[in-house]
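Read through the structure below, which is laid out as structure tokens, and then see the notes.
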Amino acid sequence: MNRKIVVAGAGHGGVVAAAKLAEKGYDVTVFEKKCRKDVGFDWHDTFRITCFADADIPLPPEENYSRSFSLAFTNPAKTVMITAPDTNDGTNCSMDRRYLINYLINYAESKGVKFCFNTQITGVIADKDRILGVVTAKGNKKKAVFADLVIDSAGINSDVRSMLPQKFSIPNDMPDNSVFTVYRAYFERISPENPANPYTVHLFHRKKPGISWVIAKNDYFDVLIGHFGKELNEDDIQAAIKDLKEEYHAIGDRIIRGGSVEQIPLGRTLPLIVADGYAAVGDSASMTIPIMGSGIANSIRAGKMLADAVIADTTGNFTCETLWKYQYNYFTKIGNNLVIADKLREICTQITAEDIDYALEKELLSQKDISLGAEAEFNIGYIIQKVIKALPKLPVITNAAITLSKYNTIKKILAEIPEEYNKEHIDEWLKKYNNI
Ligand SMILES: Cc1cc2nc3c(=O)[nH]c(=O)nc-3n(C[C@H](O)[C@H](O)[C@H](O)COP(=O)(O)OP(=O)(O)OC[C@H]3O[C@@H](n4cnc5c(N)ncnc54)[C@H](O)[C@@H]3O)c2cc1C
């Protein structure tokens with residue numbers, strides 16, 4: 299099949315889809331704005347390594363990942379510390395992010411994918427019906443690149459998605475309240491002194507809506523400061539670091555790795571992720587687990603599902619109709635399960651530091667509840683029951699909480715996603731999905 303596929307951005311799902319498609323003989327090129335050595339983040343992240351098997355990709359050698367360890371949580375007033383029991387079955391692992399994306403890029407190259415680094419997508423070429431290609435820029439050299447399909451794997455602030463004509467009905471921007479803005483850096487360790495817990499999450503640290511975490515390692519401290527929304531200013535970052543240093547005396551001043559501010563989509567998957575000649579995957583489609591912000595495994599799994607749908611389209615037209623198979627598969631296997639977690643995310647953005655102090659001090663949320671909530675793929679039914687029970691006792695009643703109590707109705711709406719492409723039925727379903 300000599301069809302031409304362009305992948306915008308070397309995101310995990312895009313690179314996986316690229317590999318699977320090149321393996322089947324498609325002509326696939328990935329355009330990535332960063333240079334090769336800078337792709338991926340400069341730190342380690344945790345995800346389910348079972349996603350490699352799900353995507354039918356060989357597992358990296360064992361020495362390149364380690365088992366992640368369990369967390370402790372503290373409330374804004376720092377009066378309660380809850381240590382989550384270790385529920386990791388051994389598949390939740392931590393891996394160097396640069397290593398991971400390079401492993402996937404090498405794998406894709408071995409299947410025949412062409413990579414153009416230092417090349418930014420700066421424009422989208424579209425006619426009234428479909429996406430026809432992209433405009434790339436390398437230095438000051440611009441080029442129109444036409445393709446039969448553009449795979450958008452350019453992350454949360456994808457330039458491709460943000461430039462899509464409105465008639466394709468795919469949101470150009472992530473809503474403000476579903477974005478988590480984070481600063482993360484590894485600081486040098488200046489003494490062997492260890493905190494009570496190696497991995498502590500500060501809920502609503504300094505009473506700001508969000509979290510901070512401190513992970514004590516042998517040689518460094520991994521520090522994260524995150525706020526709900528698109529804003530995180532330098533003063534807040536510095537004030538949070540100062541507060542943490544006062545508590546964790548072994549954190550030094552020197553930054554060893556990271557030190558950047560990034561954004562994570564925390565909401566449910568975008569309602570529509572395909573158009574004629576276009577499909578979004580990973581953060582550009584908001585595929586992270588809401589609240590947790592873990593998106594690596596879903597992105598890798600979705601990349602495989604997207605490639606399967608493309609390969610199944612033997613006409614090679616890659617229309618909304620044929621790509622719907624990808625959206626249907628992704629939503630029924632993963633995306634729909636994230637909607638309830640998204641409602642929990644809404645609650646988190648509506649409560650206050652005082653609510654959290656109250657819930658933890660009055661033991662409305664226990665060690666077990668928090669640990670289940672902290673799992674990469676948590677038991678949503680259990681958490682909902684707990685939250686519904688705990689919320690009436692909290693000094694907040696939110697719309698989200700009321701919606702959560704309609705759990706079965708939500709499940710029914712989600713299950714109604716049309717299996718076959720029918721524009722009218724899909725439009726009806728999208729309306730309901732958006733209204734949950
Ligand atoms: C601090 C932090 C911690 C996180 N921790 C975890 C974790 O522990 N576990 C987990 O599963 N997830 C975690 N995530 C989320 C995770 O990073 C994403 O969900 C995951 O990487 C999926 O994103 P992606 O592959 O779609 O896109 P990305 O990884 O964002 O990749 C997008 C790529 O597109 C490129 N690009 C962007 N625009 C253009 C353009 N115009 N032209 C060309 N190239 C372009 C970018 O340079 C980038 O290489 C974390 C995120 C952050 C910020």
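Numbering (the working numbering), first residue to last: 299 to 734.
Even glycine gets a Cβ: it sits at the ideal position worked out from N, Cα and C.
Quick one: what does DSSP say Ala-672 is sitting in, helix, strand or coil?
-> Because Ala-672 carries a pLDDT of 48, less than 50, the predicted location of this residue cannot be relied on, and the following value inherits that uncertainty. Three-state DSSP puts Ala-672 in a helix.
Would you please state the rounded distance, in angstroms, between the beta carbons of Leu-369 and Tyr-497? I believe it to be under 8 Å.
-> About 5 Å; that satisfies the 8 Å criterion.
Unbroken beta strand (DSSP E) runs of length 3 or more, entirely within the segment 402 to 439: which are they?
-> You should have 412 to 414, 418 to 424, 429 to 436.
In three-state terms, what does DSSP make of Ser-460?
-> Ser-460 falls in the helix class under three-state DSSP.
Kindly indicate which three-state DSSP category Ile-609 falls into: helix, strand or coil?
-> Correct three-state label for Ile-609: helix.
Specify the secondary structure class of Glu-486 as computed by DSSP and reduced to three states.
-> DSSP, read as helix, strand or coil, puts Glu-486 in strand.
Reduced DSSP category for Phe-367 - H, G, I as helix; E, B as strand; rest coil = Coil, per DSSP.
Distance cut-off 6 Å: Gly-421 Cβ against heavy atoms of ligand 1 = Gly-421 has its CB no nearer than 6 Å to any heavy atom of ligand 1.
Report all residues from its chain with a CB closer than 8 Å to the CB of Thr-372; omit the five preceding and five following residues, and keep chain order.
-> Contacts found: Val-378, Met-379, Ile-380, Thr-498, Val-499, His-500, Leu-501.
Note down the Cα distance separating Cys-333 from Ala-315, rounded to an integer number of angstroms.
-> Per the coordinates, the alpha-carbon of Cys-333 lies some 21 Å from the alpha-carbon of Ala-315.
Please classify Lys-506: is it buried, with 16 or more other beta-carbons within 10 angstroms of its beta-carbon, or exposed?
-> When all chains shown are included, Lys-506 counts as buried.
Tell me whether Met-603 sits in a helix, a strand or coil according to DSSP, three-state version.
-> Note: Met-603 maps to helix in three-state DSSP.
Cβ-Cβ distance between Ile-429 and Tyr-576 below 7 Å | Yes, they are a contact pair.
Sort Ile-587, Ile-535, Ile-488, Ala-610 by Cα distance to His-547 and report the nearest one.
-> Minimum Cα-Cα distance from His-547 among the listed residues Ile-587, Ile-535, Ile-488, Ala-610 corresponds to Ile-488.
Below 8 Å, can you find three or more Cβ-Cβ pairs linking the segment 451 to 463 to the segment 568 to 585?
-> These segments touch.
Could you spell out the range, first to last residue, of the alpha helix (DSSP H) harbouring His-723?
-> Segment 721 to 733, the alpha helix (DSSP H) holding His-723.
Beta-carbon gap between Arg-599 and Asp-354 smaller than 7 Å = No, the Cβ-Cβ distance between Arg-599 and Asp-354 is not below 7 Å.
So is the beta-carbon of Glu-360 under 6 Å away from any non-hydrogen atom of ligand 1?
-> Between ligand 1 and Glu-360, a heavy atom-to-CB distance of less than 6 Å is absent.
Check whether the Cβ of Val-337 lies closer than 6 Å to any heavy atom of ligand 1, and answer yes or no.
-> Flag set: Cβ of Val-337 near ligand 1.
On the DSSP bridge assignment, give the partners of Met-379 in chain order.
-> Bridge pairing for Met-379: Thr-372 [DSSP].
Give, in chain order, every unbroken run of the beta strand (DSSP E) that is at least 3 residues long and sits entirely within the segment 300 to 338.
-> Along the length of the segment 300 to 338, whole beta strand (DSSP E) runs at least 3 residues long occupy 302 to 306, 325 to 329, reported in chain order.
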